[in-house]
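Enquirer: Right, I'll just put the structure down here and ask away after.
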Amino acid sequence: MKTLIPAPRAGFPRFADLPDTYVALCALYLPRPIHTAAEARSAAAVIESLAGFPLNRGQADYLEAVAHFADEYDRTHARALPAANPRTVLAHLLEEHDLTAADLSRLLGGSRNLGAMILRGERNLTLAHIRKLAAHFRVSSEVFI
């Protein structure tokens with residue numbers, strides 16, 4: 018027989034309104050293994066209500082218990098991210114660093130339009146390019162392979 022876990026309501030109490038004791042917190046939401054995405058969302062709401070505040074011993078123990086079960090769920094249900102296209106990663110890094118295709122050309126030490134050609138897929142990155150980019154952006158060279 019499956020026991021239902023009482024889910025925190027959308028208006029789960031703010032930190033100031035939460036009980037001070039472990040037992041009273043358990044009456045609001047009982048920490049236990051998480052099996053569904055809905056239970057994971059409920060646990061996340063509880064964690065968000067407590068995280069970042071000065072906690073007493075009971076609150077800290079409660080947060081640790083809920084976070085443990087949430088972490089276990091995340092570890093067992095994590096999906097691997099699809100491998101990113103190196104050109105997409107490069108374009109993102111350029112955008113994040115406010116760099117243009119011309120800046121990329123200068124960074125790589127090639128012709129004026131080398132950066133644009135690489136971003137359009139007309140030229141491939143060489144091993145020397147990959148090393149320069151990895152060093153400049155401080156990322157693993159594997160993201161460009």
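Position 85 of the sequence shown, counting from 1, maps to 102 under our numbering, and the rest follow consecutively.
Glycine included, C-beta positions come from ideal geometry on N, C-alpha and C.
Note that the structure is predicted; figures quoted are calculated from it, not measured.
1. Below 7 Å CB to CB, which residues in the same chain sit around N73 once its five sequence neighbours on both sides are set aside?
2. Given that a residue counts as buried once 16 or more other Cβ atoms are within 10 Å of its Cβ, and exposed if not, what is G138?
3. Whole angstroms are fine: how far does the CA of H114 sit from the CA of M18?
4. Does G69 come out as helix, strand or coil in the three-state DSSP assignment?
5. Just the Cα atoms here: how many angstroms apart are R92 and A57?
6. Taking Cβ positions, are H146 and L125 nearer each other than 8 Å?
7. Between the alpha carbons of S66 and S158, how many angstroms are there, rounded?
Expert: From the atom records:
1. Exclusion of the five residues before and after N73 leaves D37 as the residues of its chain whose Cβ lies within less than 7 Å of its Cβ.
2. With fewer than 16 other CB atoms across the displayed protein chains lying within 10 angstroms of its CB, G138 is exposed.
3. Any reading at M18 needs caution, since the residue's pLDDT is 46, under 50, leaving its predicted position unreliable; the model's value is listed next. Spanning the two alpha carbons is a distance of roughly 55 Å.
4. Here G69 sits in coil by DSSP.
5. R92 and A57 have their C-alpha atoms spaced approximately 12 Å apart.
6. Yes, Cβ-Cβ distance for H146 and L125 is below 8 Å.
7. Spanning the two alpha carbons is a distance of roughly 40 Å.
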